[in-house]
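Residue 104 in my numbering sits at position 104 of the sequence shown, with consecutive numbering throughout. Using N, Cα and C, we set each Cβ at its ideal position, and we do this for glycine too.
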Amino acid sequence: MKSTVTMTDNRTEKSYEFDIIEATRGPSVVDISKFYSETGMFTYDNGFTSTASCKSKITFIDGAKGELRYRGIKIEELTLNHTYLEICYLLLNSKLPNEEELQDFDLELRHRSLIHENLRHLFQAFPAGAHPMATLSAATAALSTFYYDHLNISNEASYQEMARRIIAKIPTVAAFAYRHSIGAPFIHPDIDRSFSENFLYMLRAYPGGKMHRGRNGEHIIKDIEVKALDTIFTLHADHEQNASTTAVRGVASTGAHPYVAISAGISALWGRAHGGANESVIAQLKMIGSVENVDAFIARAKDPTDEFRLMGFGHRVYKNFDPRAKILKGLQDQLKNELNLDSNLMQIANKIEEIALNDEYFISRKLYPNIDFYSGVILTALQIPTSMFTPVFVIGRTVGWITQWIEFKKDKEMKIARPRQLYIGK
Ligand code: CMC
């Protein structure tokens, strides 16, 4: 027997029945696609707190339990046993790669990491000091001009090629965005370096690829740094229908080029309520300055008349510890002895966490530390400049956006995203 929900309009006593569609995990949904044609009314759901915008097989989150899975596999298992490139393969192909598939995938991404010289010249049009998120978004949109003719919408291999190309090029574009922001010459990707190492290389190297520091000229990229960055990319790889993914799907629904859709995702991610929080967390920890000042800032965060919010706290979906934050906290402890973690920032962060997790305001609202609360301290230890924190999020998330784009394109039920409104004007 099919399950339904019945709704009665108490003005007319008329009842309406809507089908329930069962999920394989998590909440079922009520199919209200005929709500307007049957009732003459729209539904109102400010911020989409109760709305499923699509059917998806990519990522599952249980916000109450603090659980995250990519293609059914728990994030803890993925970060422990697999690299970021394996995660990219998993998201795109619904299965982890075998050794040969991984090698081919890795090799192809290395070969595709160069960007067209003309795209490099685009950066000259931007003012000195331009924020890398702005130039990254613009340059990603501009990438569509180089690959416009190559996209065959009806061909699966063409989708996959387009996906691998953007995953491979985004770190290069992001690194160029940074080098432009500080007026440094661009460093081209090095085909002999892995995905995550290459990004650190493009940020740090001198022209000619030289990279030594200290009296002994020791190698500047440590394995532990590469591994930590790889884990950070994995943790950011996808997060179902968040604001930036919704932007990507919204643009996809109009039939626009996928790289323009990704550019929209980058723009949406930039805001402080979303990916931009990682940059704001560090700015806030620095503003707090010392452990003695934490209480005063917690009081501000709780004050309804003050707009101040604790950056890196709270989440629309997680009403428990963000599992990504838990993994990063573990990584932070692991790195403490091996990298130069800023102990003052860590002490302030630990104090905020301790107070907030025991404070009635945060407990009653189920506000826990999220991924951005911990990523900043680790990214600082990896010598990644603060302005590049959100671009790091972009690099990790590009695979998620493009996988969601492909899923959208293949979904026969999908239509142009076109919500309605409750008109309250003249
Ligand atoms: N500090 C203080 N109070 C908060 C915070 C915070 N960080 N977050 C939420 N609240 C309060 C909020 O004032 C409200 O209180 P009340 O019910 O008394 O009005 C209540 O908690 C619910 O907040 P909301 O804004 O309705 O919740 P939301 O689901 O719409 O917003 C959020 C989620 C992430 C935008 C919000 O928690 C926030 O602004 N956090 C800080 C920014 C941040 O860390 N963002 C990164 C999110 S995780 C990475 C990502 O996926 O992008």
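Would you kindly work out how many angstroms separate the C-alpha atoms of residue i and residue j, rounded to a whole number?
{"i": "residue 359", "j": "residue 300", "result": "13 Å"}
{"i": "residue 254", "j": "residue 263", "result": "15 Å"}
{"i": "residue 411", "j": "residue 92", "result": "15 Å"}
{"i": "residue 149", "j": "residue 246", "result": "26 Å"}
{"i": "residue 169", "j": "residue 123", "result": "15 Å"}
{"i": "residue 144", "j": "residue 138", "result": "11 Å"}
{"i": "residue 49", "j": "residue 317", "result": "9 Å"}
{"i": "residue 174", "j": "residue 100", "result": "29 Å"}
{"i": "residue 182", "j": "residue 42", "result": "50 Å"}
For residue i and residue j, which I take to be in contact (beta-carbon distance under 8 Å), what is that distance rounded to the nearest angstrom?
{"i": "residue 33", "j": "residue 20", "result": "With 8 Å as the limit, residue 33 and residue 20 do not qualify as a contact, their Cβ atoms being about 13 Å apart."}
{"i": "residue 294", "j": "residue 136", "result": "Incorrect: roughly 33 Å between the Cβ atoms, too far for contact."}
{"i": "residue 377", "j": "residue 232", "result": "No, residue 377 and residue 232 are not in contact; Cβ-Cβ is about 12 Å, not under 8 Å."}
{"i": "residue 345", "j": "residue 332", "result": "At roughly 11 Å, the Cβ-Cβ gap does not stay under 8 Å, so residue 345 and residue 332 are not in contact."}
{"i": "residue 433", "j": "residue 102", "result": "Past the edges of the chain, shown from 1 to 426, lies residue 433, and the structure says nothing about it."}
{"i": "residue 187", "j": "residue 402", "result": "About 25 Å separates the two Cβ atoms, so there is no contact after all."}
{"i": "residue 17", "j": "residue 6", "result": "5 Å"}
{"i": "residue 119", "j": "residue 146", "result": "7 Å"}
Quick check: is the beta carbon of residue i nearer than 7 Å to any beta carbon in chain D?
{"i": "residue 309", "result": "This model lacks chain D altogether, as it is built from one protein chain only."}
Reducing DSSP to helix, strand and coil, say where residue i ends up.
{"i": "residue 15", "result": "strand"}
{"i": "residue 114", "result": "coil"}
{"i": "residue 300", "result": "helix"}
{"i": "residue 202", "result": "helix"}
{"i": "residue 49", "result": "coil"}
{"i": "residue 69", "result": "strand"}
{"i": "residue 74", "result": "strand"}
{"i": "residue 238", "result": "coil"}
{"i": "residue 59", "result": "strand"}
{"i": "residue 313", "result": "strand"}
{"i": "residue 333", "result": "helix"}
{"i": "residue 322", "result": "coil"}
{"i": "residue 41", "result": "coil"}
{"i": "residue 188", "result": "coil"}
{"i": "residue 369", "result": "strand"}
{"i": "residue 223", "result": "helix"}
Who are the Cβ neighbours of residue i in its own chain at under 7 Å, not counting the five residues just before and after it?
{"i": "residue 371", "result": "235, 322, 324, 325 and 328"}
{"i": "residue 243", "result": "268 and 274"}
{"i": "residue 416", "result": "253 and 254"}
Leaving aside the five residues before and after residue i along the sequence, list all residues of the same chain whose C-beta is less than 6 Å from its C-beta, in chain order.
{"i": "residue 89", "result": "97 and 105"}
{"i": "residue 362", "result": "356"}
{"i": "residue 59", "result": "70, 238 and 240"}
{"i": "residue 367", "result": "313 and 314"}
{"i": "residue 200", "result": "221"}
{"i": "residue 338", "result": "224"}
Beta-carbon within less than 8 Å of residue i's beta-carbon, same chain only, minus the 5 sequence neighbours each way: which residues are those?
{"i": "residue 44", "result": "422"}
{"i": "residue 185", "result": "179 and 207"}
{"i": "residue 171", "result": "113, 189, 195, 198, 199, 202 and 395"}
{"i": "residue 291", "result": "347, 348 and 351"}
{"i": "residue 353", "result": "369 and 373"}
Check your understanding: Can at least three beta-carbon pairs, one atom from the region 383 to 391 and one from the region 160 to 178, be found at a separation below 8 Å?
Key -> yes
Review point. Is the region 272 to 290 touching the region 191 to 205, taking contact as three or more C-beta pairs under 8 Å?
Key: no
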